[in-house]
Every structure is written in structure tokens, then in C-alpha cells.
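Contents: one structure, followed by commentary.
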Amino acid sequence: MDPYAVEGMLVLKGDDGKEFHMRAFSGEVARHISSFVDSESDSVPSIYKMMEEICEENELILVKVKIYESGEVLRANLYFTGKKDIVLRNYRASDAMALGALYNIPILVRKNLLKEHMEA
């Protein structure tokens with residue numbers, strides 16, 4: 001994460017050692033993802049809390065996030081289940097990944113976006 005909170009960077013690692021690198025999203029979202037991974041969900045920002053309450057009221061559960069390329073940007077589909085299944089399409093990947101981190105659900109990435117493990 002950028003110490004000035006201007007730009008975020010995220011590396012997802014699969015069980016097979018492949019990695020997905022994402023950068024160029026807000027430092028604010030990066031801080032939220034970091035706090036969710038560190039199990040500090042009690043400091044959930046209002047937009048994520050609002051999403052949680054909407055899901056609870058409608059008996060929906062976010063079950064997975066799928067990341068894909070759309071032109072030069074990354075987008076995401078969010079998959080919910082409950083009384084009926086819902087797919088929200090073409091949302092910002094960084095926000096979708098933050099929700100995935102908050103709820104500790106699978107974040108799926110297209111194979112063509114994966115890279116072999118890179119040493120620092």
C-alpha cells in the first residue's frame with residue numbers, strides 16, 4: 001500500500017502459487033482491504049456497512065466475486081444467493097475485492113490475468 005494513501009496495490013495468491021496483481025486503485029480502498037484481511041471488520045466504513053444491511057434485509061449472501069478485464073480496466077461481477085440468486089455485473093474491481101476480503105469469500109480471477117510467483 002502507498003504510504004501516502006494515494007494508490008493501492010494488491011496481490012492475490014492462489015493455492016497453486018499463481019498470483020494476481022492489481023494496482024491503480026484508491027489508497028482508501030487499499031486501507032479497507034488491509035483492515036479486513038487483518039480481521040478489523042469492526043471498523044467497517046459506512047458504504048460497506050450499508051451493503052451488509054441491504055443484504056441482511058433482503059436475505060442475500062455474497063458468495064463469490066469474479067474479476068475480469070474490460071478494455072483497459074478491471075471489472076467484477078458479484079454473486080449473491082438467498083431467496084433468489086442475483087448477479088451484479090460490471091462493478092469496480094477494487095470495491096468488489098474489498099467486499100470479498102470483508103466477507104472472506106472466494107475472489108475468482110480469469111486465468112489470463114494470473115502470473116507466476118514473483119520474488120521481491
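Counting along the sequence shown from 1, when you hit position 109 you're at 109 in full-length UniProt numbering, and nothing is skipped either side.
Just so it is clear, CB atoms sit at the ideal spot from N, CA and C, and this is done for glycine as well.
Taking the CB atoms as reference points, tell me whether residue i and residue j lie closer together than 7 Å.
{"i": "Lys64", "j": "Ile105", "result": "yes"}
{"i": "Phe36", "j": "Leu102", "result": "yes"}
{"i": "His21", "j": "Ala98", "result": "no"}
{"i": "Ala96", "j": "Leu74", "result": "no"}
Please work out which residues of its chain come closer than 7 Å, Cβ to Cβ, to residue i, disregarding the five sequence neighbours upstream and downstream, and give them in chain order.
{"i": "Gly82", "result": "Asn58, Glu59, Leu60, Ile61"}
Sorted by chain position, which residues of the same chain lie with C-beta nearer than 6 Å to residue i's C-beta, five sequence neighbours on each side aside?
{"i": "Arg110", "result": "Tyr68"}
{"i": "Val11", "result": "Glu19, His21"}
Using a Cβ-Cβ cut-off of 8 Å (strictly less than) and excluding sequence neighbours within five positions of residue i, which residues of its own chain qualify?
{"i": "Phe80", "result": "Cys55, Leu60, Ile61, Leu62, Val63, Ile86, Val87, Leu88"}
**Asked** Could you give the uninterrupted runs of the beta strand (DSSP E) lying entirely in the UniProt domain "BFN" (1-120), keeping only those of 3 residues or more?
**Response** 7-13, 19-26, 60-70, 73-82, 86-92, 107-109
**Message:** Using a Cβ distance threshold of 8 Å, determine whether the stretch 13-21 contacts the stretch 78-98, with at least three qualifying pairs required.
**Reply:** No, the stretch 13-21 does not touch the stretch 78-98.
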